[in-house]
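One structure is given below, encoded as structure tokens.
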Amino acid sequence: KYDPCVDNEVETYMNLPEVQKALHANQTVILPWRWTDCTEKVQYSRSDVLASMLPVYEELLASGSLRILVFSGDVDGILPVVGTRRWVSGLGLPIKSAWRPWLSPTRQVGGHVIEYEGLIFASVRNAGHMVPYVQPERMFHLLTSFLNEES
Amino acid sequence: AALQDQVTSMPGWGPLKSFKMFSGYITVDAAAGRALFYVFVESESDPVADPLMLWLNGGPGCSSLGGGFMSELGPFLPNKDGHTLKANPYPWNKKASVLFLESPAFVGWSYSNTSSDAIVGDARTAKDSRAFLLGFMERFPQFKSNDLYLSGESYAGHYVPNLAREIVRGNRGARSPRETLNLKGILVGNPLTDTAVDNMGAVDFWWHHAMISDETAEGIRSNCDFNNIGPLLIGEDVLPTTADALTKPRVIACDEFCDRAMSELGPINIYDIYADVCIPKAAQSEALALTRALGPTPAGLMIRAAVQLSSREKQESSNSADSSSSLTDEDPS
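Those sequence lines, one after another, are chains A and B. Counting the first sequence from 1 gives a position; this note's numbering is that position plus 34. Counting the second sequence from 1 gives a position; this note's numbering is that position plus 20.
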């Protein structure tokens with residue numbers, strides 16, 4: 035069941051001294067700090083954030099050596115399926131297998147998929163940004179199919 | 021060295037029986053004193069043959085332990101008490117050995133002894149991550165020949181392809197097998213890839229889901245250039261056109277329409293539009309009491325009321341001498 039407060043529970047757990055000891059983390063007296071899920075300590079290059087990754091994909095695809103799966107939870111409102119589908123399509127790759135539904139082990143539509151030469155794009159139905167958390171069964175099925183090189 | 025990193029039991033869970041787990045630091049730059057923290061869970065099916073999967077959460081600046089390991093695809097999920105764990109019914113280590121990396125330095129427990137390392141971008145993040153993987157293979161040489169996959173979500177839409185390219189190029193220029201990695205593929209979920217396409221995709225998604233008005237959607241489409249957004253942060257590298265662009269009328273109009281969109285969206289869970297947002301228990305019960313006293317209230321106002329209450333309580337809490345108040349653990353921001 036979706037727990038909207040899960041991040042708080044994780045943060046509480048990760049800051050327990052016994053957890054940090056068990057994980058061999060943060061054990062020096064020089065650098066003890068509170069663990070946070072996301073930090074503001076990192077000052078990340080804004081120009082890198084704004085840079086397009088499409089040329090990187092073009093280079094990876096040209097190498098011809100990698101298998102690529104792009105998946106997208108279709109109720110994410112921050113990086114939604116609409117934009118992802120557009121840039122994937124914009125790569126201009128030949129289509130191997132047209133847009134179609136894929137089924138989960140429970141025979142429900144788990145999402146939709148299109149296979150290009152060198153890249154597979156799959157949506158995950160009713161999953162938000164954190165797909166493996168929100169739709170774990172569907173995501174696990176997608177992962178397994180991809181790793182097993184099943185259609 | 022690997023055995024020193026082995027985790028034999030987890031607090032709130034007990035001894036680990038069905039798979040092996042390791043965690044610790046791998047130095048990626050000895051001169052700077054930069055080390056990245058990892059948690060590694062072996063496949064519980066066949067660690068010898070199953071692939072090795074690196075997982076990265078995004079941000080930039082978010083931990084792969086909080087996201088990946090503890091609440092998405094790791095073997096455990098936290099219980100509501102924050103002190104005990106339950107089993108994840110679909111952990112990825114049923115199918116692969118999974119490596120969760122806190123990257124770049126200063127994320128989670130990763131650190132650097134050089135404070136200026138906090139200023140970072142995609143190139144060094146990719147370089148450090150490759151150095152980490154090479155260091156990992158020295159510590160765990162039995163995984164060197166396993167198929168390697170890179171995976172992640174959100175800003176890992178940058179991390180993953182950039183790291184893949186770093187590895188492909190590194191393999192090409194390797195002087196010895198020690199400098200190569202057996203990269204087989206990548207997986208990215210809801211990835212930030214191209215700001216112009218992704219951000220306009222978000223606007224279209226909001227409009228299609230009746231979350232913003234026709235006028236606001238059209239205003240953004242007509243006025244915004246999402247290739248070039250936002251004010252720069254102090255100390256950051258300067259995009260040549262941004263300072264000028266921010267003063268142009270279209271950019272000001274874009275900003276106003278984006279503000280309007282944020283207002284129309286309301287206090288929604290933007291990461292999952294049909295899911296609830298986290299509202300602290302204290303605020304929930306006060307808001308419920310208010311509803312009972314005043315009768316039915318529109319849902320949006322209800323949430324606003326709860327959020328306002330929680331903000332007020334947070335303020336009161338921070339003013340209080342008792343900093344251990346439970347509200348500090350339930351900050352909705």
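Built from N, CA and C at the ideal position, the CB exists for glycine as well.
- The C-beta distance from leucine 72 of chain B to phenylalanine 163 of chain B rounds to 5 angstroms, short enough to meet the 8 angstroms contact threshold.
- Contact residues of the region 77-100 of chain A toward chain B are Gln77, Tyr78, Ser79, Arg80, Ser81, Asp82, Val83, Leu84, Ala85, Ser86, Met87, Leu88, Val90, Tyr91, Glu93, Leu94, Ser97, Ser99 and Leu100 (C-beta to C-beta distance below 9 angstroms).
- About 4 angstroms separates the Cβ atoms of glutamate 52 of chain A and proline 31 of chain B, confirming a contact at the 8 angstroms cut-off.
- One finds Val217 and Gly221 in chain B with Cβ atoms closer than 7 angstroms to the Cβ of arginine 120 of chain A, taken in chain order.
- Excluding sequence positions up to five before and after alanine 281 of chain B, its CB lies within less than 6 angstroms of the CB of Ile232 and Thr236, all in the same chain and listed in chain order.
- The closest CA to that of glutamate 151 of chain A, considering only A:Asp82, A:Leu95, A:Leu176 and A:Thr140, is found on A:Leu95.
- Taken through DSSP and simplified to helix, strand or coil, methionine 87 of chain A comes out as coil.
- From the beta-carbon of phenylalanine 155 of chain A, no residue of chain B is found nearer than 8 angstroms; the closest lies around 10 angstroms away.
- Judged by their CB atoms, leucine 93 of chain B and proline 135 of chain A are not nearer to each other than the 8 angstroms cut-off.
- Contact between the region 205-212 of chain B and the region 173-192 of chain B is present: three or more C-beta pairs spanning the two stretches fall below 8 angstroms.
- In terms of Cα proximity to alanine 22 of chain B, the closest of B:Gly44, B:Gly88, B:Phe39 and B:Trp33 is B:Gly44.
- For the pair glutamate 186 of chain B and threonine 145 of chain B, the Cα-to-Cα distance works out to about 10 angstroms.
- If you look at phenylalanine 105 of chain A, you'll find it isn't in any alpha helix (DSSP H); it sits in the beta strand (DSSP E) that goes 101-107.
- Per DSSP, isoleucine 187 of chain B is one residue of the alpha helix (DSSP H) stretching across 176-192.
- Across the set B:Pro211, B:Gly239, B:Leu212 and B:Thr213, the C-alpha of B:Gly239 shows the shortest separation from the C-alpha of aspartate 224 of chain B.
- If you check the CB distance, leucine 212 of chain B and leucine 113 of chain A come in under 8 angstroms.
- Separation of the CB atoms of valine 122 of chain A and leucine 100 of chain A is rounded to 15 angstroms, and the pair is thereby denied contact status at 8 angstroms.
- Looking from the CA of phenylalanine 42 of chain B, the closest CA among B:Arg150, B:Ser29, B:Arg54 and B:Ala143 belongs to B:Ser29.
- Closest in alpha carbon position to leucine 74 of chain B, among B:Gly88, B:His229, B:Tyr175 and B:Val297, is B:Gly88.
- Among the residues of chain B, those whose CB is under 7 angstroms from the CB of lysine 75 of chain A are Phe126 and Ala138, following chain order.
- Excluding residues up to 5 positions away in sequence, Ser138, Pro139 and Thr140 lie with their Cβ nearer than 8 angstroms to the Cβ of glutamate 171 of chain A in the same chain.
- Taking C-alpha positions only, glutamate 64 of chain B is separated from arginine 68 of chain A by approximately 31 angstroms.
- Sequence-distant Cβ neighbours of valine 115 of chain A in its own chain, meaning closer than 8 angstroms and more than five residues away, are Ser106, Gly107, Asp108 and Ser157.
- For the 8 angstroms CB-CB criterion, glycine 128 of chain B and threonine 47 of chain B do not form a contact.
- Residue environment: asparagine 289 of chain B is assigned as buried (16 or more neighbouring CB atoms within 10 Å of its CB, all protein chains considered).
- For threonine 178 of chain A, the C-beta contacts it makes with chain B under 8 angstroms involve Lys115, in order along the chain.
- Collapsing the DSSP output to three states places valine 115 of chain A in a helix.
- Here aspartate 71 of chain A is not near glycine 34 of chain B, since their CB atoms are 8 angstroms or more apart.
- At a beta-carbon threshold of 9 angstroms, the residues of chain B lying near threonine 46 of chain A are Pro98, Asp101, Gly102, His103 and Asp349, ordered along the chain.
- Interface flag for cysteine 82 of chain B against chain A is set, since a Cβ pair is found closer than 8 angstroms.
- In terms of beta-carbon proximity, alanine 51 of chain B stays away from the interface with chain A, with every pair separated by 8 angstroms or more.
- With a 10 Å radius around the Cβ and a threshold of 16 neighbouring Cβ atoms, lysine 114 of chain B comes out buried.
- Contact between the region 95-115 of chain B and the region 189-201 of chain B is absent: fewer than 3 CB-CB pairs across the two stretches fall below 8 angstroms.
- Annotated three-state conformation of proline 197 of chain B is helix, per DSSP.
- The beta-carbon of arginine 54 of chain B is placed no less than 8 angstroms from the nearest beta-carbon of chain A.
- For tryptophan 136 of chain A, there are no neighbours in chain B by C-beta distance under 7 angstroms, as the nearest C-beta there is about 15 angstroms away.
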